[in-house]
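Just so we're aligned, residue 0 is where the sequence shown starts under numbering that gives the first Met the number 0, counting upward by one.
By construction, the Cβ of each residue, glycine as well, lies at the ideal position given by its N, Cα and C atoms.
For reference, the structure is listed below as structure tokens.
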Amino acid sequence: MSVSSKSSNTQLFRMMLYRRALHPELFELKTRRTFAHGDYEADVWVVPTGHLIRFQVDKRSLTEVVMDRCNHLPELGLVHAIPCLGEKDYEMPRDAGGKNIGFVTTIQTESLSDNLYMATLRELASHANEASANSVCFQWEDADKVPCLSLLDVQKYRKEFHVQSYHLTGSNGLVLRTQSIFEAH
């Protein structure tokens with residue numbers, strides 16, 4: 000892989016937040032994991048170049064979707080949607096998600112040089128192997144045979160579920176990082 004051969008088509012990732020669960024048939028699931036802790040349950044799904052996190056307390060749910068090619072997703076229950084370009088922050092207003100769920104996220108994207116991209120990919124793959132009890136990881140090659148990786152690293156607390164995600168897409172050297180906190184009130 001070389002910088003000059005990188006695709007000029009930068010993927011447009013979006014973060015979408017829903018006040019409901021989404022059906023798995025809408026996605027090409029690559030791996031999935033459920034975390035139950037205290038009063039909440041969280042499903043973490045990895046899809047090609049993205050993820051979903053469904054956080055549920057009692058019968059109330061919030062679902063975070065971070066992915067490209069998301070034009071097929073429904074608008075019903077959509078609370079907020081933003082493009083994942085540069086650095087962004089979002090905090091869901093308390094009245095938007097119900098009385099017992101809070102949500103905040105930060106998003107950062109950057110394009111890396113070939114060497115830095117590969118070093119980052121190796122470091123995150125190593126971290127995924129060491130932290131497998133609290134992570135979900137999927138590795139693949141893109142159309143140009145460049146290695147790619149999605150990693151979601153979770154921390155469970157009594158009333159909070161923290162997720163750091165890393166999506167590395169090789170042909171354009173893109174690294175998308177998110178950090179989301181779901182709160183059970």
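Comparing C-alpha distances from Leu167 to each of Ala132, Leu77 and Thr119 shows the shortest one belongs to Thr119. Apart from the 5 residues on each side of it in sequence, Asp88 sits with its Cβ closer than 8 Å to the Cβ of Val103, Thr104, Thr105 and Ile106 in its chain, given in chain order.
Beta-bridge partners assigned by DSSP to Gly49: Val46 and Met66.
In the pairwise beta carbon analysis, the segment 42-49 is classified as touching the segment 136-151: at least three pairs are separated by under 8 Å. Classified as buried, Glu182 has 16 or more neighbouring CB atoms from the shown chains inside 10 Å of its CB. With the rule of 3 Cβ pairs closer than 8 Å, the segment 109-119 does not count as touching the segment 52-72.
Out of Arg31, Arg93, Ala20 and Thr177, the CA that lies nearest to the CA of Glu109 is found in Thr177. By the Cβ-count criterion, Ala41 is buried, with 16 or more other Cβ atoms from all chains shown falling within 10 Å of its own Cβ.
Within the segment 68-139, the complete beta strand (DSSP E) segments of 3 residues or longer fall at 77-82, 86-90 and 100-110, listed in chain order. Per DSSP, Phe26 is not a residue of any beta strand (DSSP E), being assigned neither H nor E.
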